[in-house]
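**Student:**
Number of protein chains: 2
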Amino acid sequence: MEKLNKHKRHQYSKMVVDTLKNEKINEFRHTFLDLHPSDQLDIFISLNQDARAKVYSYLSPEEFANVFSGLDIREQKLYFLELAEEYSSTMFNYMFTDNVVTFLAEINTERADAILANMDKDKARHVKRLLSYAEETAGSIMTKELIRISSTEKVSNVLERLREEAPTAEIIYYLYVTNVNQELVGVVSLRDLIVASPEETIENIMSKKVISVEEDLDQEDVGHTIKKYDFLAVPVVSKENHLLGIITVDDIMDILEEEATEDFEELSATKGSTDIDLSGYETAKMRGPWIIALMFLGMLTAGVIGYFEETLEAVVLLSVFIPLIMDSAGNVGTQSLTVAVRGLALGNIKQGGFWRMIKRELTAGFLLGLVCMVSITVLISVIYGNWILAVIVGVSLLCTLTVSTVVGFIVPLIINKLKFDPAIASGPFITTVNDILGLVIYFSIATALMHLL
Amino acid sequence: MEKLNKHKRHQYSKMVVDTLKNEKINEFRHTFLDLHPSDQLDIFISLNQDARAKVYSYLSPEEFANVFSGLDIREQKLYFLELAEEYSSTMFNYMFTDNVVTFLAEINTERADAILANMDKDKARHVKRLLSYAEETAGSIMTKELIRISSTEKVSNVLERLREEAPTAEIIYYLYVTNVNQELVGVVSLRDLIVASPEETIENIMSKKVISVEEDLDQEDVGHTIKKYDFLAVPVVSKENHLLGIITVDDIMDILEEEATEDFEELSATKGSTDIDLSGYETAKMRGPWIIALMFLGMLTAGVIGYFEETLEAVVLLSVFIPLIMDSAGNVGTQSLTVAVRGLALGNIKQGGFWRMIKRELTAGFLLGLVCMVSITVLISVIYGNWILAVIVGVSLLCTLTVSTVVGFIVPLIINKLKFDPAIASGPFITTVNDILGLVIYFSIATALMHLL
Numbered sequence: 001m002e003k004l005n006k007h008k009r010h011q012y013s014k015m016v017v018d019t020l021k022n023e024k025i026n027e028f029r030h031t032f033l034d035l036h037p038s039d040q041l042d043i044f045i046s047l048n049q050d051a052r053a054k055v056y057s058y059l060s061p062e063e064f065a066n067v068f069s070g071l072d073i074r075e076q077k078l079y080f081l082e083l084a085e086e087y088s089s090t091m092f093n094y095m096f097t098d099n100v101v102t103f104l105a106e107i108n109t110e111r112a113d114a115i116l117a118n119m120d121k122d123k124a125r126h127v128k129r130l131l132s133y134a135e136e137t138a139g140s141i142m143t144k145e146l147i148r149i150s151s152t153e154k155v156s157n158v159l160e161r162l163r164e165e166a167p168t169a170e171i172i173y174y175l176y177v178t179n180v181n182q183e184l185v186g187v188v189s190l191r192d193l194i195v196a197s198p199e200e201t202i203e204n205i206m207s208k209k210v211i212s213v214e215e216d217l218d219q220e221d222v223g224h225t226i227k228k229y230d231f232l233a234v235p236v237v238s239k240e241n242h243l244l245g246i247i248t249v250d251d252i253m254d255i256l257e258e259e260a261t262e263d264f265e266e267l268s269a270t271k272g273s274t275d276i277d278l279s280g281y282e283t284a285k286m287r288g289p290w291i292i293a294l295m296f297l298g299m300l301t302a303g304v305i306g307y308f309e310e311t312l313e314a315v316v317l318l319s320v321f322i323p324l325i326m327d328s329a330g331n332v333g334t335q336s337l338t339v340a341v342r343g344l345a346l347g348n349i350k351q352g353g354f355w356r357m358i359k360r361e362l363t364a365g366f367l368l369g370l371v372c373m374v375s376i377t378v379l380i381s382v383i384y385g386n387w388i389l390a391v392i393v394g395v396s397l398l399c400t401l402t403v404s405t406v407v408g409f410i411v412p413l414i415i416n417k418l419k420f421d422p423a424i425a426s427g428p429f430i431t432t433v434n435d436i437l438g439l440v441i442y443f444s445i446a447t448a449l450m451h452l453l
Numbered sequence: 001m002e003k004l005n006k007h008k009r010h011q012y013s014k015m016v017v018d019t020l021k022n023e024k025i026n027e028f029r030h031t032f033l034d035l036h037p038s039d040q041l042d043i044f045i046s047l048n049q050d051a052r053a054k055v056y057s058y059l060s061p062e063e064f065a066n067v068f069s070g071l072d073i074r075e076q077k078l079y080f081l082e083l084a085e086e087y088s089s090t091m092f093n094y095m096f097t098d099n100v101v102t103f104l105a106e107i108n109t110e111r112a113d114a115i116l117a118n119m120d121k122d123k124a125r126h127v128k129r130l131l132s133y134a135e136e137t138a139g140s141i142m143t144k145e146l147i148r149i150s151s152t153e154k155v156s157n158v159l160e161r162l163r164e165e166a167p168t169a170e171i172i173y174y175l176y177v178t179n180v181n182q183e184l185v186g187v188v189s190l191r192d193l194i195v196a197s198p199e200e201t202i203e204n205i206m207s208k209k210v211i212s213v214e215e216d217l218d219q220e221d222v223g224h225t226i227k228k229y230d231f232l233a234v235p236v237v238s239k240e241n242h243l244l245g246i247i248t249v250d251d252i253m254d255i256l257e258e259e260a261t262e263d264f265e266e267l268s269a270t271k272g273s274t275d276i277d278l279s280g281y282e283t284a285k286m287r288g289p290w291i292i293a294l295m296f297l298g299m300l301t302a303g304v305i306g307y308f309e310e311t312l313e314a315v316v317l318l319s320v321f322i323p324l325i326m327d328s329a330g331n332v333g334t335q336s337l338t339v340a341v342r343g344l345a346l347g348n349i350k351q352g353g354f355w356r357m358i359k360r361e362l363t364a365g366f367l368l369g370l371v372c373m374v375s376i377t378v379l380i381s382v383i384y385g386n387w388i389l390a391v392i393v394g395v396s397l398l399c400t401l402t403v404s405t406v407v408g409f410i411v412p413l414i415i416n417k418l419k420f421d422p423a424i425a426s427g428p429f430i431t432t433v434n435d436i437l438g439l440v441i442y443f444s445i446a447t448a449l450m451h452l453l
């Protein structure tokens, strides 16, 4: 068995490089084309420009189409420019529509039009239709290469047709059944087809309860549908229930991961900078705007403290507990934010439960506040021997935690409802808001009770 | 077409409840069994105890096995206790091995043994073997229901066998080929099988480069393998390359989501409390320990400020910028932490790149610090008219941001390398550490330069 572990891959990689160096076309083709596409990619990426140029001439556009499809969009852009115009047009004809769309959507429209003009007419029309869908909808990520069968066909007939069409369809484990009006009326799995008698008509073995998604559904919801039903693919239909395309589970896994990364970036204000390959300078450039914006926002906290300077001058000891109040507010806020963001991502937050959830967070925040109040009051009394100060800090904590918990949970939900950019609800932003609230509460209570100190 | 949108599902749900109420066995069976498993689940969960009892008696253990397999482990535990002992034993016989294992792993060992004793001998043996695997390894999540074929079989013969075996195997889109020693030697997709001539031998159409995972591989790495190769399933082998079982893409999607949730919980110290259905009290109980532990840790920040009380009494204005220093340190730390956690999850952090990455974060932190230093120095000079104070805050920011960026990135990597519980590196913890570092830097610089103020 030739399983490609690290050692084997290294060995194959060396073989490929050697055959390219010595210009042994046939040996290169034999070694390279026999590898799993994913291993082909790993090796291709490791080549230098000279070696890549040889790959382009040793592989037909059709063969290279597979390699190109597997590349990241960033790599695609780099290598695309190394390809001759005719070679690349032919290559695009052999790529799955969704992969062509992903590439064209990322480059200048004029250039995209030029590429489309050189492509096969039919293919170009499909690509154009997909390009017109709004980003991140089912329509924009579906593929059009699917096998359509009719409910009146015989099993043997369909199997025969599969032998011809299978190589060009992206997935053939589900076959979608349409009627004369191109409406989706059923689904047959390849498994059903094999188990059935060859003489049976599709109508009798197909499942009529097809779960489909509409073309304008958000890609994240498509992901939930596929996950919920444990599907390998889901059909995409128009408002009139016309079968338009399919979305496969491997695309969905990439999308769910992308969405999770977006959520992580939202929690930590790292938009776009979780890529591990960026240089220190690039990282700083991407994270910088957030840090600077938050720093200016942080000047507000300075303003709050400045406003209470008199109180602070009278009792300098108050400043000792500023971090404690801020950290606690920030911590509960971040917890609530995470629960909200994760709940939205997993589709757990049900409609109509809005007020119930506010109540839940309010209860949780109040209970957390109570426990913290009691423990910190005792602790400060003992350590600093000042029970009035202890009560001030304790009561402030109770109020702050209650408010911060609710703020951390509610803000992302509201932003989500109003369809604003959720990045506004990033973790550090909510933390800063909670800091300000916490400090106002703390110093207000301290100022009110100062005469007792 | 009968697609189950919200309206339809509600309608079916009503039908099911009605048939149960009126004890119309046949109508219930007809409606319920015709639904997609996922919709069956939604409806089953919404039933009350009386209705559920009827479901158990109207459905055979075999039929109910499907419903039970789809339930969350929490729900399984609740409903399991409503089942008669014999009914449940039969049901377990009809469930896929991996699903039985998931349930038994969660209950008391004695009880699990009792259930195993009542099960089919062969099945029980499989389950026991799987139960013995360490949690979260490939072996513990694989299923043993797979179709093995031999390299000498004919295509027509395999297709014939599929007709019989397909209903009991969890996935038949890949068929794994073993030799006489039970070693994995190849793989054939159902697609290859259909496209091939019936008279062909498997040997000639199988791919010999099988990608497999070893039984003790971590489940997250299994996920990366399936994602990388866009597989629908991956075979699990022993050290001797014996085929043991398969892991399918739908199980992997659940696992990747679980791992993402764990990472979110790590970033925000919400371990186990992202479940949206918990009550306010339960939430507080789960989040509480973190908040209280962090609060006590936060007393250290109070200690730091207390240590510099003299400096603070001399220049009360210094306290105004405590939040700014803390927030900035916390923000860059959280950013770096997210990049590290996400990089580890996606497997992007390559071996040997450790020092390169430290250098990268150091550069990024220093550059961020420089920009912040310049802008805050100008801003404070203008607003507070005190350029020495401005320089103190500016220089402190430069040092703090540089250190915090590195700390936020390095700590999770070290913890990961040492195989400690990564929860130690939770976001709030690192933020608190960075707060303390930031305050020490700030007040040290301020104390040193105080005579200039």
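Residue numbers (UniProt numbering), protein chains in the order written: chain A, 1 to 453; chain B, 1 to 453. Using N, Cα and C, we set each Cβ at its ideal position, and we do this for glycine too. What you are looking at is a predicted structure, and each value in this text was computed from that prediction instead of being measured.
#1: Just how far apart, CA to CA, sit residue 358 of chain A and residue 235 of chain A?
#2: Using a C-beta cutoff of 9 Å, does residue 323 of chain B count as contacting chain A?
#3: For residue 506 of chain A, name the three-state secondary structure that DSSP assigns.
#4: Tell me whether residue 23 of chain A sits in a helix, a strand or coil according to DSSP, three-state version.
#5: Please specify which runs of the beta strand (DSSP E), each continuous and at least 3 residues long, are wholly inside the segment 108-140 of chain A, giving them in chain order.
#6: Can the beta-carbon of residue 267 of chain A be found closer than 9 Å to that of residue 404 of chain A?
#7: Check whether the Cβ of residue 29 of chain B lies closer than 9 Å to any Cβ atom in chain A.
#8: Could you please give the first and the last residue of the uninterrupted beta strand (DSSP E) stretch that includes residue 196 of chain B?
#9: Please report the distance separating the alpha-carbon of residue 370 of chain A from that of residue 397 of chain A.
#10: Can you look up residue 340 of chain A in the DSSP assignment and give me helix, strand or coil?
#11: DSSP on residue 150 of chain A, reduced to helix/strand/coil?
#12: Hey, quick one: how far does the beta strand (DSSP E) through residue 245 of chain B stretch, first residue to last?
#13: According to DSSP, simplified to helix, strand and coil, what is residue 2 of chain B?
#14: Tell me, to the nearest whole angstrom, how far the beta carbon of residue 215 of chain A is from that of residue 139 of chain A; I am working on the premise that it is less than 8 Å.
#15: Could you check which residue in B:295, B:394, B:146, B:113 has the C-alpha nearest to that of residue 401 of chain A?
#16: Do you know offhand how far residue 218 of chain A's Cα is from residue 185 of chain A's?
#17: Starting from the beta carbon of residue 279 of chain A, find every residue of chain B whose beta carbon is closer than 9 Å, and list them in chain order.
#18: Strictly below 7 Å CB to CB, what residues from chain A border residue 50 of chain B?
#19: May I ask which residues mark the beginning and end of the beta strand (DSSP E) holding residue 105 of chain A?
#20: Identify the contact partners of residue 377 of chain B in chain A, using a Cβ-Cβ distance below 9 Å as the criterion.
#21: Below 8 Å on C-beta distance, what does residue 264 of chain B contact in chain D?
#22: Quick check: the Cα distance between residue 160 of chain A and residue 151 of chain A, rounded to an integer number of angstroms?
#23: Find out if the Cβ-Cβ distance for the pair residue 112 of chain B, residue 131 of chain B is shorter than 9 Å.
#24: Would residue 74 of chain B pass as an interface residue toward chain A - the criterion being a Cβ-Cβ separation below 9 Å?
#25: So that I know if they touch, is there some Cβ in chain A lying closer than 9 Å to that of residue 249 of chain B?
#26: Return helix, strand or coil for residue 233 of chain B, following the three-state DSSP convention.
#27: Quick check on residue 214 of chain A: does DSSP put it in helix, strand or coil?
#28: Listing by chain order, which chain A residues have their CB less than 8 Å from the CB of residue 432 of chain B?
#29: Where does residue 109 of chain B land, buried or exposed, given buried means 16+ other C-beta within 10 angstroms?
#30: Counting only runs that start and end within the segment 377-411 of chain B, where is the alpha helix (DSSP H) found for 4 or more residues in a row?
#31: Rounded to whole angstroms, what's the CA-CA distance from residue 93 of chain B to residue 176 of chain A? Just pull it up for me.
#32: Quick one: list the residues of chain A neighbouring residue 174 of chain B, beta-carbon separation under 9 Å, in chain order.
#33: Using the beta-carbon of each residue, which ones in chain B are nearer than 7 Å to residue 229 of chain A?
#34: Distance cutoff 9 Å, beta carbons only. Does residue 71 of chain B sit that close to anything in chain A?
#35: Report yes or no: is there a C-beta of chain B within less than 9 Å of the C-beta of residue 209 of chain A?
**Tutor:** Quick look at the numbers:
#1: Each residue's Cα considered, the two are about 37 Å apart.
#2: So, interface residue.
#3: With chain A covering only 1 through 453, there is no way to say anything about residue 506 of chain A.
#4: Three-state DSSP puts residue 23 of chain A in coil, outside helix and strand.
#5: If you keep only unbroken beta strand (DSSP E) runs of at least 3 residues inside the segment 108-140 of chain A, you get nothing at all.
#6: With contacts defined as CB atoms closer than 9 Å, residue 267 of chain A and residue 404 of chain A fail to qualify as a contacting pair.
#7: Chain A contact via Cβ: absent.
#8: Neither: residue 196 of chain B is in no beta strand (DSSP E) and is coded neither H nor E.
#9: Each residue's Cα considered, the two are about 8 Å apart.
#10: Taken through DSSP and simplified to helix, strand or coil, residue 340 of chain A comes out as helix.
#11: If DSSP states are grouped into helix, strand and coil, residue 150 of chain A belongs with the strands.
#12: That run of the beta strand (DSSP E) goes 243-248.
#13: Annotation note: pLDDT 40 at residue 2 of chain B (below 50); position unreliable, no value reported.
#14: Between residue 139 of chain A and residue 215 of chain A the Cβ distance is about 4 Å, and since that is below 8 Å, they are a contact.
#15: Residue 401 of chain A has its Cα closest to that of B:295, out of B:295, B:394, B:146, B:113.
#16: So the two alpha carbons sit approximately 23 Å from each other.
#17: Simply 360, 363, 364.
#18: Using a Cβ-Cβ cut-off of 7 Å, residue 50 of chain B is close to nothing in chain A; its nearest Cβ partner there is about 25 Å away.
#19: Run containing residue 105 of chain A: none; DSSP gives neither H nor E here.
#20: Here the premise fails: no neighbours, minimum Cβ distance about 12 Å.
#21: The chain labelled as chain D is not found among the protein chains of the depicted structure, namely A and B.
#22: A direct Cα-Cα distance of roughly 16 Å separates residue 160 of chain A from residue 151 of chain A.
#23: Yes.
#24: Output row for residue 74 of chain B: interface = no.
#25: True, the Cβ-Cβ gap to chain A drops below 9 Å.
#26: Three-state result, residue 233 of chain B: strand.
#27: Residue 214 of chain A falls in the strand class under three-state DSSP.
#28: In chain order: 327.
#29: Exposed: under 16 other Cβ atoms inside 10 Å.
#30: Counting whole runs of 4 or more residues, the segment 377-411 of chain B contains no alpha helix (DSSP H) stretch at all.
#31: Taken atom to atom, the span from the alpha-carbon of residue 93 of chain B to that of residue 176 of chain A is near 33 Å.
#32: At a beta-carbon threshold of 9 Å, none of the residues of chain A lie near residue 174 of chain B; the nearest stands roughly 10 Å away.
#33: Neighbours of residue 229 of chain A across chain B, judged by C-beta separation under 7 Å: 36, 38.
#34: Not one chain A Cβ lies under 9 Å of residue 71 of chain B.
#35: It does; some Cβ of chain B falls within 9 Å.
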